[in-house]
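Counting along the sequence shown from 1, when you hit position 238 you're at 237 in numbering that gives the first Met the number 0, and nothing is skipped either side. Below is one structure, written out as structure tokens; comments come after it.
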Amino acid sequence: MNVIELEKITKTYGTHKAVDDLSLHVPKGSIYGFIGPNGSGKTTTIRMIMNILYPDNGNIRLFGQELIGSRLDGVGYLPEERGLYKKMKVKELIKFHGELKGVKDLDQKADGWLKKFDLSKWADKKVETLSKGMSQKVQFIVTIIDEPDLIILDEPFSGLDPVNAEIIKEVILKLRDKGSTIIFSTHDMSVAEKMCDFIFMIYKGKKVLDGTLSSIQEKFGQDTLRVQTELGVSALEAINGIEKVNDFGQIQEVRMSPETNSQDVLMAIMEKTKVLKFELTSPSLNDIFIRIARPENNEDHE
């Protein structure tokens, strides 16, 4: 069963097509990553799913039904633009949102979530006294307080320290295991690689990637070398077949040109220096993202 079905949806602002003939199916119980550069159409797509915006053309179905103009029960949404009632006290705010969603045992659940995120001592403080990171945690709590069937998170890890990012990751995975379907938009490619069952990339309003990480990587083949040598990046200079080098200091990622034999590259490097690591692999999601979205890689970039 698909929880979300987008069929040829388009959204235009004046002469600009923010989303262009987009179709996407999100299966139940999956974590679906939305990636794309700023202005690519990610947030517009999410807002159309949430009934905040309506598509100019096409159909959107949630849980098998078109819900345009309807209240979206069973959906939790953490928007990119955070917004909480600043004059309310933290626990009071959590309980307020829980009441709207029909959550039982609210007092106990609110205390549990506050403890989990180390916010117990802030329970009776006004939201306006919280730091940005604390506000982010409260907003996440009110988003998932009812453990909704569909959870849409726009940059859920933004502004969080590693400890709290880890807690949110654990909560997302537990909700998925209980049957929730989760969409999250992120600019962190390593998070998308590690957490998502499926990855969707939108660029200039059009879908350019959609599938599992392995299926996406297969499309690009094994044209990437991860290399570590005693000479570092200088060992890779003037070697035939190397198209691009991404230098990470200790390790370099090398993109080979088509038809280049990796063993020829290895031999050329070994003539210069000692090789400590040499691995032929598929490009990372981060590299794939850059290949598609970097301006100089696109002739129609304006």
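The C-beta atom is built at its ideal place from N, Cα and C for all residues, glycine as well. Predicted model, so just to flag it, every value in this text is computed and none were measured.
Should residue i be labelled buried (16 or more other beta-carbon atoms within 10 Å of its own) or exposed?
i	result
F33	buried
F139	buried
Y12	exposed
S130	exposed
P155	buried
E252	buried
V25	buried
With H, G and I counted as helix, E and B as strand and the rest as coil, what does DSSP make of residue i?
i	result
P161	helix
Q64	strand
T14	coil
L118	coil
V102	coil
I171	helix
L71	coil
H96	helix
G231	helix
N1	strand
R290	helix
T128	helix
Report the rounded CA-to-CA distance for residue i versus residue j, giving the unit in angstroms.
i	j	result
F116	K41	28 Å
K124	S233	56 Å
G63	D106	34 Å
S134	W121	11 Å
I287	G101	43 Å
Y31	E165	18 Å
P257	L83	52 Å
K273	G220	27 Å
N37	E270	43 Å
V226	V207	29 Å
L265	I238	10 Å
I45	I51	9 Å
M188	N285	5 Å
M194	T128	33 Å
I8	M49	14 Å
I59	Y53	9 Å
P78	P282	31 Å
L66	V126	33 Å
K10	S39	12 Å
K85	L172	30 Å
S214	E6	22 Å
K103	S179	19 Å
Between which residues of its own chain and residue i is the CB-CB distance below 6 Å, once the five residues before and five after are set aside?
i	result
G75	T142, I143, P147 and I150
A267	I238
Going by beta carbon distance, what residues of the same chain come within less than 8 Å of residue i, once the five residues before and after it are set aside?
i	result
M255	D222, T223, L224, G240, I241, E242, S261 and V264
Take residue i and list the residues in its own chain whose beta-carbon comes closer than 7 Å to its own, dropping the five residues that flank it on each side.
i	result
T280	Q221, T223 and R225
task: Could I get the ranges of all uninterrupted beta strand (DSSP E) runs contained in the stretch 33–65, with 3 residues as the minimum, in chain order?
output: 56–61
field: Inside the stretch 179–207 only - alpha helix (DSSP H) runs reaching at least 4 residues
entry: 188–194
query: Which whole runs of the alpha helix (DSSP H) in the stretch 245–276 are 4 residues long or more, in chain order?
result: 261–269
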